[in-house]
Amino acid sequence: MENVDKQVEDKLKHFDDEKKEEILANFDHFKNYLGSKVELGEKMGLSEERLAQITEKVAGYLAKNEDPKNREEYLLQELWKVGSKEEQHMLAHMLLRMVKKDS
168 MENVDKQVED KLKHFDDEKK EEILANFDHF KNYLGSKVEL GEKMGLSEER LAQITEKVAG
228 YLAKNEDPKN REEYLLQELW KVGSKEEQHM LAHMLLRMVK KDS
């Protein structure tokens with residue numbers, strides 16, 4: 168699974184700025200994008216726990232490297248910053264459930 172972590176990190180570092188702006192500009196776009204990636208991960212056989220670990224990595228990257236583009240992203244970033252590792256992990260699970268519900 169380390170290979171998946173490396174792929175996620177590489178993808179985040181080399182993500183097209185225009186595409187990133189399009190995804191982050193609107194919270195519904197962000198949820199749809201995340202939902203499509205979760206669906207892909209499930210088709211690849213990744214467990215919910217593994218998906219949550221990947222979601223944590225993405226959320227940590229966004230919280231550290233991206234300015235929020237809307238109120239929802241601002242709230243998520245603030246929750247992420249004040250959360251313990253355990254709380255961040257639970258927030259990742261909650262994000263997964265949220266995007267699964269919407270798909």
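Residues in the sequence shown are numbered from 168 upward in steps of one, following my numbering. Even for Gly, the Cβ is constructed at its ideal location relative to N, Cα and C.
Between the segment 195 to 209 and the segment 246 to 253 there are fewer than three C-beta pairs closer than 8 Å, too few to call the two in contact. Straight through space, the alpha carbons of L218 and L258 are spaced by roughly 12 Å.
One Cα belongs to E216, the other to L263, and the distance between them is close to 10 Å. With contacts defined as CB atoms closer than 8 Å, A192 and K236 qualify as a contacting pair.
Runs of alpha helix (DSSP H) with 4 or more residues, each lying fully within the segment 206 to 269, are found at 215 to 232, 238 to 249, 252 to 269, listed in chain order.
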